[in-house]
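Visitor:
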Amino acid sequence: MKKIVNDPQRFVPEMLEGLALANPDSLRYVPEYNLIMRTDAPRDDKVSIVQGSGSGHEPAHVMAVGKGMLDAACPGDVFSAPPMDYVYETTKLVNSSKGVLLLVNNYTGDRMAFDMAQEMSLADGVNVKTLFIDDDVAVQDSTWTVGRRGVAGNFFVIKAVGAASEAGADLDEVMRIGEKVNSMTRTMGLALTACTPPAKGSPLFELGDDEIEIGVGIHGEPGRRRAKIMPGDELVDTLLEPVVGDLPFESGDRVALMINGLGGTPISELYIAYRHAHKQLAEKGITVAKSYVGEYCTSLDMAGFSLTLVKLDDEIEGLLDAPAEIGMRIF
Amino acid sequence: MKKIVNDPQRFVPEMLEGLALANPDSLRYVPEYNLIMRTDAPRDDKVSIVQGSGSGHEPAHVMAVGKGMLDAACPGDVFSAPPMDYVYETTKLVNSSKGVLLLVNNYTGDRMAFDMAQEMSLADGVNVKTLFIDDDVAVQDSTWTVGRRGVAGNFFVIKAVGAASEAGADLDEVMRIGEKVNSMTRTMGLALTACTPPAKGSPLFELGDDEIEIGVGIHGEPGRRRAKIMPGDELVDTLLEPVVGDLPFESGDRVALMINGLGGTPISELYIAYRHAHKQLAEKGITVAKSYVGEYCTSLDMAGFSLTLVKLDDEIEGLLDAPAEIGMRIF
Amino acid sequence: MTNMSDVEFVVRTIAQTAVDNEKYFGDLDAVVGDGDFGYSLARGFEIVLKDWDSYDRTDISTFLSKVAITITGRIGGTSGPIWGTAFLRAAAVAKGKTDITGDDAVAMLRSAITGIMARGNAELGDKTLLDALAPLTDAIEAELIAGTTTSEIVSAAAEAARAAAEATTPMIARRGRASYTGERSIGSPDAGAVAVAVILEAIASNWDSRGGPR
Amino acid sequence: MTNMSDVEFVVRTIAQTAVDNEKYFGDLDAVVGDGDFGYSLARGFEIVLKDWDSYDRTDISTFLSKVAITITGRIGGTSGPIWGTAFLRAAAVAKGKTDITGDDAVAMLRSAITGIMARGNAELGDKTLLDALAPLTDAIEAELIAGTTTSEIVSAAAEAARAAAEATTPMIARRGRASYTGERSIGSPDAGAVAVAVILEAIASNWDSRGGPR
Ligand SMILES: Nc1ncnc2c1ncn2[C@@H]1O[C@H](COP(=O)(O)OP(=O)(O)O)[C@@H](O)[C@H]1O
Ligand SMILES: Nc1ncnc2c1ncn2[C@@H]1O[C@H](COP(=O)(O)OP(=O)(O)O)[C@@H](O)[C@H]1O
Ligand SMILES: [Mg+2]
Ligand SMILES: [Mg+2]
Ligand SMILES: [Mg+2]
Ligand SMILES: [Mg+2]
Chain A
747 MKKIVNDPQR FVPEMLEGLA LANPDSLRYV PEYNLIMRTD APRDDKVSIV QGSGSGHEPA
807 HVMAVGKGML DAACPGDVFS APPMDYVYET TKLVNSSKGV LLLVNNYTGD RMAFDMAQEM
867 SLADGVNVKT LFIDDDVAVQ DSTWTVGRRG VAGNFFVIKA VGAASEAGAD LDEVMRIGEK
927 VNSMTRTMGL ALTACTPPAK GSPLFELGDD EIEIGVGIHG EPGRRRAKIM PGDELVDTLL
987 EPVVGDLPFE SGDRVALMIN GLGGTPISEL YIAYRHAHKQ LAEKGITVAK SYVGEYCTSL
1047 DMAGFSLTLV KLDDEIEGLL DAPAEIGMRI F
Chain B
747 MKKIVNDPQR FVPEMLEGLA LANPDSLRYV PEYNLIMRTD APRDDKVSIV QGSGSGHEPA
807 HVMAVGKGML DAACPGDVFS APPMDYVYET TKLVNSSKGV LLLVNNYTGD RMAFDMAQEM
867 SLADGVNVKT LFIDDDVAVQ DSTWTVGRRG VAGNFFVIKA VGAASEAGAD LDEVMRIGEK
927 VNSMTRTMGL ALTACTPPAK GSPLFELGDD EIEIGVGIHG EPGRRRAKIM PGDELVDTLL
987 EPVVGDLPFE SGDRVALMIN GLGGTPISEL YIAYRHAHKQ LAEKGITVAK SYVGEYCTSL
1047 DMAGFSLTLV KLDDEIEGLL DAPAEIGMRI F
Chain C
425 MTNMSDVEFV VRTIAQTAVD NEKYFGDLDA VVGDGDFGYS LARGFEIVLK DWDSYDRTDI
485 STFLSKVAIT ITGRIGGTSG PIWGTAFLRA AAVAKGKTDI TGDDAVAMLR SAITGIMARG
545 NAELGDKTLL DALAPLTDAI EAELIAGTTT SEIVSAAAEA ARAAAEATTP MIARRGRASY
605 TGERSIGSPD AGAVAVAVIL EAIASNWDSR GGPR
Chain D
425 MTNMSDVEFV VRTIAQTAVD NEKYFGDLDA VVGDGDFGYS LARGFEIVLK DWDSYDRTDI
485 STFLSKVAIT ITGRIGGTSG PIWGTAFLRA AAVAKGKTDI TGDDAVAMLR SAITGIMARG
545 NAELGDKTLL DALAPLTDAI EAELIAGTTT SEIVSAAAEA ARAAAEATTP MIARRGRASY
605 TGERSIGSPD AGAVAVAVIL EAIASNWDSR GGPR
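Line by line, the protein sequences give chains A, B, C and D. The number in our numbering is simply the position in the first sequence, starting from 1, with 746 added. The number in our numbering is simply the position in the second sequence, starting from 1, with 746 added. The number in our numbering is simply the position in the third sequence, starting from 1, with 424 added. The number in our numbering is simply the position in the fourth sequence, starting from 1, with 424 added.
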């Protein structure tokens, strides 16, 4: 394994410490519960927004903490839901009189930890709600009744509820907005390579020099099927068709289009994918009103990308346009 | 080769087309000369800033075009200096009555193309100056008289001259600032893997599972020496010592610290590197006043990172703080 | 009849086995899952071993509850809630007891199983650790009826768990990360079920030398 | 004595060889450089072949200048300016001529060499294509003095270029990308020098069947 890593067990804490050192004015690292929170949280004039999930998805979610986005992120170890205690303590730490919204990608481990933590927090009198995000169209077969996974589309939910809470919306209203954005968001991803969790030290699965995995989640697991590598435009079509067909997105729609890198794919390639997706949508009469190209929710060093569409209306577009300041900065 | 690519010869044009499609209001793609320019360039109230270089370094330099940064970027093919014609045409396209500043990383091919293009532009009456950036301390042996390479430190030069030109500084003043920032900037990088240029289709060099290259530039060439993989903190020390010792940076200095990913390294690992660099500098009495963690100047899909320090004074810090709006956006 | 000392032996063996098999359990989870199963268990049970002496041993139930709190609170992923729930449910059945009979042990296991099912919304046949837990409980029950020795019962349970774990190979995963791969989960055993078998084998092979009153 | 048709043959062979050897030249550059040498030459000389018929052939000098403009303007990397300069300098020496003697050819090559040296700030022994160009020019000069046939001269030049290219292997690169690797550049030949040898060999092996007036 060739990574910038010391003790693999310290991978997440050291990353979080680095993040806090790089953002001393805006971020605070709480080592006991492995969490990153805004230095000004909790604020009683706004609902606190928390995202919990495993680590390995950076910039999601610890680098999405900041004004207009999250008040705290509560990550577990690499690809593992946070232990219930951490969620519970995070909820208490950011408890605001306007309430707390927990955002959770819909994976079994996360669901359970957050369900349990919410129960305990409610018993303590914290006004807390949980929103499960499930934008992944790769998981649609009704046989797999655990439901869809939450993947890169969580960015849009975070951005929208972050903006709404910053504007003073109450917990019910923030929850309504989050559910609405989630319901309008669809994603699918593919992997060109497997990723290597630091504690494992080797790739999670073997993939031939000409093979790819289609329909992957964000935890480095294999996808729904394996295929041969194909030209970039066909890779895009492979994701775009199921995504468009699912909501469905239709001629006349205005959308946000995200090409999300999974960690090991350079941004140059993401723009090649963006180009084709944008053109294909235009041909279908769908207008890309907002574009997002880069890394938003990754799987460590996995090469590959996911494609997300969000159906826009004036409300959602306004929330996406609202300013935000987060640790994933450029200057 | 597993990349998001169609025809490798169309890698750069398709990327640029994608970039322009994603930023229709702010960016224009000129296919004839393979260039990206601001839609509002040239503006006669400011010096036009152009960066030319090979492609494969994204977000440098095409995604650094925008308000407060570059007016145009003129990239060649992957890792190749742009043909002289393209530089010449770019210079003419952004010709402002306040003049044009060409920023060039100090590599032989780039030097020659820009020298020739500058001569031709001057003959045409364009007021143009060229600044060669050479921040790489890996190249210091006096036997190699081609001089230091320009690498990720170019970001700081771009940011500073971009801010100064936006504020109305004249060409001489912009040049002075660029030279000053360049003189205060030092970088060194290392590679954990080789990168794969799309036209070649295979890695540029072979590197064992436990081997790294120390002292690499930004064109995927091997570095100054090969070493065994080491813990993350030692990787940082390997770069930090030569960088600190070169200017030298000393106790009492305020610096900007950049941990730049080379394309295939996830941001989580970059923050692990940042953490140690920040702490080591603090121990030396050097204060990190501004931090930059992410991808600024890459080598396609190479895993690895470079470390840059800039010695700050009030002038430089003010210019780095100035607002900017570029294609490498988050929302 | 088993007592607190036997319970301690069982819990300690579970914890030690989890720590010792971090890599193996992780590799099993990596086949169609995300590879963190071994890491998650090891990090949590490490804490159980570290805090070992501090657990309240007023009675078996209290002891198991305290261990459950560590597991639930400190193990991440699906395993924290699942294994924590199992310990909690077993503790509830042992309420107030300082000795437990074979029937008590079966009742505790059955309670753990229904607890896991409720927590994870899973059923037998979904290719989870339940598919090892239920058969091993059945085996214990059968041996109790047959009236064999504790030592033989434990061995039978281990054999049943191993056979059951292997029998998960042809199953299609309907719960957990592996379920997202659909049909591709066929052909490899469930990591959780194998872990249960490995733990039972460790218990069985050390049972006779476990020390403490018998 | 050679004429416009011979010059066309030489330029066309250079262009075609560059296009045909894109991968080979790129791989040579990848050993200690950045691997783009083959790509850069091929993309530029492709345009030379495409625009072939449109070049002004008023005299040899004009023709070479037009080709030089394509090369300088359209080839990226170090090679555009280097190869473009070589063509421009050769053109300058051939000013006004429609026939060139052997001595003219030598003068054109010498002028190209000094042009490259000035453009790239390089000297002989820096491990660049100069280290093949200079020896092949020397060889032509020696053959002219000895009074051999044009065909033999061309063969001798090719042999000299090949030997010289191979002789770059133990050299340490002092110019170009390869120079950044320092001592590590020792042990592989310079990509530019090998390209010159391959081109000369192509010229030599097709010289007698090149067509046109002799
Ligand atoms: N819903 C569930 N109910 C019961 N057991 C489950 C469930 N989902 C997964 N498991 C068990 O947990 C194991 C995986 O645990 P772990 O790797 O910690 O979870 P995750 O899938 O969150 O990474 C599986 O091998 C399976 O035995
Ligand atoms: N300064 C120089 N002067 C003359 N020739 C040079 C110089 N630098 C490099 N070369 C030649 O150019 C070749 C590499 O060309 P190319 O790959 O296009 O350049 P780059 O190093 O910019 O990628 C080298 O093999 C060498 O023969
Ligand atoms: Mg997991
Ligand atoms: Mg090059
Ligand atoms: Mg797992
Ligand atoms: Mg090269």
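Quick reminder that beta carbons are idealized off the backbone N, C-alpha and C, glycines included.
If you compare alpha carbons, which of B/L762, B/R895, B/V796 is closest to B/G935?
Guide: As a first step, residue 935 of chain B is located in the second sequence; it is residue number 189 there, counting from the start. Considering only alpha carbons, the answer is B/R895.
Visitor: With 9 Å set as the bound, which would you pick, yes or no: does the beta-carbon of B/R1021 sit closer than that to a beta-carbon of chain A?
Guide: The count along the second sequence starts at 1 and reaches residue 1021 of chain B at position 275. Output row for B/R1021: interface = yes.
Visitor: Could you name the residues of chain C that A/D823 contacts, counting a contact when the two beta carbons are closer than 9 Å?
Guide: Taking the first residue of the first sequence as position 1, residue 823 of chain A is located at position 77. Here the neighbours are D460, Y463, S464, R467, G500, G501.
Visitor: I'd like to check one pair, A/G961 with A/G1007: are the Cβ atoms closer than 9 Å?
Guide: By one-based count along the first sequence, residue 1007 of chain A stands at place 261. By one-based count along the first sequence, residue 961 of chain A stands at place 215. Their beta carbons are not under 9 Å apart, which means A/G1007 does not touch A/G961 by this criterion.
Visitor: Which residues, taken in chain order from the stretch 802 to 832 of chain A, show a beta carbon closer than 8 Å to some beta carbon of chain B?
Guide: Hits within the stretch, in order: G802, E804, P805, M809.
Visitor: Given the structure, does C/S464 come close to ligand 5, in the sense that its CB is under 8 Å from one of the ligand's heavy atoms?
Guide: By one-based count along the third sequence, residue 464 of chain C stands at place 40. Yes, Cβ of C/S464 sits closer than 8 Å to a heavy atom of ligand 5.
Visitor: Can you tell me where the alpha helix (DSSP H) with A/R1021 in it begins and where it stops?
Guide: Within the first sequence, numbered from 1, the residue matching residue 1021 of chain A stands at position 275. That run of the alpha helix (DSSP H) goes 1013 to 1029.
Visitor: Name the chain B residues that come within less than 7 Å of A/P1012, Cβ to Cβ?
Guide: Walking along the first sequence from the start, residue 1012 of chain A turns up at place 266. Going along chain B in sequence order, the residues near A/P1012 (Cβ under 7 Å) are E804, G1009, T1044, L1046, D1047.
Visitor: CB A/Y780 to CB A/P759, shorter than 9 Å?
Guide: On the first sequence, position 34 is the one that residue 780 of chain A refers to. On the first sequence, position 13 is the one that residue 759 of chain A refers to. Residue 780 of chain A is actually Asn in this sequence, not Tyr. Going by C-beta atoms, A/N780 is nearer than 9 Å to A/P759.
Visitor: Using a Cβ-Cβ cutoff of less than 6 Å, which residues in the same chain neighbour A/G802 once the five nearest sequence positions on both sides are dropped?
Guide: Position 56 of the first sequence, counted from the start, is the residue given in the question as residue 802 of chain A. Within the same chain, A/G802 has close Cβ partners V824, F825, L1046.
Visitor: Roughly how many angstroms separate the alpha carbons of B/G1031 and B/Y1038, rounded to a whole number?
Guide: For the purposes of this step, residue 1031 of chain B is identified with residue 285 of the second sequence, where counting begins at 1. For the purposes of this step, residue 1038 of chain B is identified with residue 292 of the second sequence, where counting begins at 1. Distance between the alpha carbons of B/G1031 and B/Y1038: 19 Å.
Visitor: Quick test of the definition: if touching needs 3 or more C-beta pairs under 8 Å, does the stretch 791 to 810 of chain B touch the stretch 1008 to 1021 of chain A?
Guide: Result yes; three or more Cβ-Cβ pairs closer than 8 Å.
Visitor: DSSP on A/T1033, reduced to helix/strand/coil?
Guide: The sequence position of residue 1033 of chain A within the first sequence is 287, counting from 1. Correct three-state label for A/T1033: strand.
Visitor: Return no unless some Cβ of chain D is closer than 9 Å to the Cβ of B/M858.
Guide: One-based indexing of the second sequence puts residue 858 of chain B at position 112. Yes, B/M858 lies at the interface with chain D (some Cβ there is under 9 Å from its Cβ).
Visitor: Looking at B/K792 and B/D817, is the spacing between their C-beta atoms short of 9 Å?
Guide: Within the second sequence, numbered from 1, the residue matching residue 817 of chain B stands at position 71. Within the second sequence, numbered from 1, the residue matching residue 792 of chain B stands at position 46. Yes; because the gap between Cβ atoms is below 9 Å, this pair is in contact.
Visitor: Please list, in chain order, all residues of the same chain as C/G500 whose beta carbon is under 6 Å from its beta carbon, the five residues on each side excluded.
Guide: As a working note, residue 500 of chain C is residue 76 in the third sequence. Excluding residues within five positions, the ones whose Cβ falls inside 6 Å are S464.
Visitor: Any C-beta of chain A sitting closer than 9 Å to the C-beta of C/G549?
Guide: The residue given as residue 549 of chain C occupies position 125 in the third sequence. Chain A contact via Cβ: absent.
Visitor: Could you check if C/T441 belongs to the surroundings of ligand 1, using beta carbon to heavy atom distance under 8 Å?
Guide: Taking the first residue of the third sequence as 1, we reach residue 441 of chain C at position 17. No, the Cβ of C/T441 stays beyond 8 Å of every heavy atom of ligand 1.
Visitor: Compute the Euclidean distance between the alpha carbons of D/R608 and C/P505, then round it to the nearest angstrom.
Guide: Translated into the one-based positions of the fourth sequence, residue 608 of chain D becomes position 184. Translated into the one-based positions of the third sequence, residue 505 of chain C becomes position 81. Straight-line Cα distance between these residues: approximately 56 Å.
Visitor: Quick check: the stretch 984 to 1004 of chain A against the stretch 483 to 502 of chain C, are at least 3 beta-carbon pairs closer than 8 Å?
Guide: These segments do not touch.
Visitor: So which residues of chain G does A/T854 contact, with C-beta pairs closer than 8 Å?
Guide: You won't find chain G in this structure, because its protein chains are A, B, C and D.
Visitor: Rounded to whole angstroms, what's the CA-CA distance from C/R601 to A/Y853? Just pull it up for me.
Guide: By 1-based counting over the third sequence, the position of residue 601 of chain C is 177. By 1-based counting over the first sequence, the position of residue 853 of chain A is 107. So the alpha carbons of these two residues sit roughly 8 Å apart.
Visitor: Would B/L950 pass as an interface residue toward chain D - the criterion being a Cβ-Cβ separation below 9 Å?
Guide: Taking the second sequence and counting its residues from 1, the one referred to as residue 950 of chain B is at position 204. Yes, B/L950 lies at the interface with chain D (some Cβ there is under 9 Å from its Cβ).
Visitor: Taking only the alpha-carbon atoms, compute the straight-line gap between B/I750 and B/Q797 and give it to the nearest angstrom.
Guide: To locate residue 750 of chain B, count along the second sequence from 1; it is residue 4. To locate residue 797 of chain B, count along the second sequence from 1; it is residue 51. Between B/I750 and B/Q797, the C-alpha separation is close to 26 Å.
Visitor: According to the Cβ coordinates, are A/T1044 and A/P805 closer than 9 Å?
Guide: Sequence index remark: in the first sequence, residue 1044 of chain A carries index 298 (1-based). Sequence index remark: in the first sequence, residue 805 of chain A carries index 59 (1-based). A contact, by the Cβ cut-off of 9 Å.
Visitor: In the structure shown, what three-state DSSP assignment does B/M1052 receive?
Guide: Within the second sequence, the letter at position 306 stands for residue 1052 of chain B. What sits at residue 1052 of chain B in the sequence shown is Ser, not Met. If DSSP states are grouped into helix, strand and coil, B/S1052 belongs with the strands.
Visitor: With distances taken from CA atoms, which of C/R634, C/L473, C/D444, C/S503 is nearest C/Y574?
Guide: Numbered from 1 along the third sequence, position 150 holds the residue referred to as residue 574 of chain C. The sequence given here has Thr at residue 574 of chain C, not Tyr. The shortest C-alpha separation from C/T574 is found at C/R634.
Visitor: State the DSSP-derived secondary structure class of D/I438, mapped to helix, strand or coil.
Guide: Translated into positions along the fourth sequence, residue 438 of chain D becomes position 14. Here D/I438 sits in helix by DSSP.
Visitor: Would you check whether ligand 5 has a heavy atom nearer than 8 Å to the C-beta of B/R971?
Guide: Residue mapping note: residue 971 of chain B aligns to position 225 of the second sequence, counting from 1. No, ligand 5 has no heavy atom inside 8 Å of this Cβ.
Visitor: Quick check on the burial criterion: 16 or more other C-beta atoms within 10 angstroms. Buried or exposed for C/K474?
Guide: Here residue 474 of chain C corresponds to residue number 50 of the third sequence, with the count starting at 1. C/K474 should be labelled exposed.
Visitor: Is there a C-beta anywhere in chain A that falls below 9 Å from the one on C/A454?
Guide: For this step, residue 454 of chain C is matched to residue 30 along the third sequence. At least one chain A Cβ lies under 9 Å of C/A454.
Visitor: Any idea which residues DSSP pairs A/L847 with across the strands?
Guide: Here the question's residue 847 of chain A lines up with position 101 in the first sequence. DSSP lists A/I795, A/K875 as partners of A/L847.
Visitor: How about C/A706 and C/N445: are their beta carbons less than 9 Å apart?
Guide: No answer is possible for residue 706 of chain C: the residues shown for chain C start at 425 and end at 638.
Visitor: Using only CA atoms, which one of A/K838, A/V850, A/N841 lies nearest to A/A827?
Guide: Taking the first sequence and counting its residues from 1, the one referred to as residue 827 of chain A is at position 81. Nearest C-alpha to A/A827: A/V850.
Visitor: Indicate whether A/L950 and A/R972 have their beta-carbon atoms separated by less than 9 Å.
Guide: Translated into the one-based positions of the first sequence, residue 950 of chain A becomes position 204. Translated into the one-based positions of the first sequence, residue 972 of chain A becomes position 226. No, Cβ-Cβ distance for A/L950 and A/R972 is not below 9 Å.
Visitor: When you compare the CB positions of B/H965 and D/D458, do they come within less than 9 Å of one another, or not?
Guide: Working through the second sequence from its first residue, we reach residue 965 of chain B at position 219. Working through the fourth sequence from its first residue, we reach residue 458 of chain D at position 34. Their beta carbons are under 9 Å apart, which means B/H965 touches D/D458 by this criterion.
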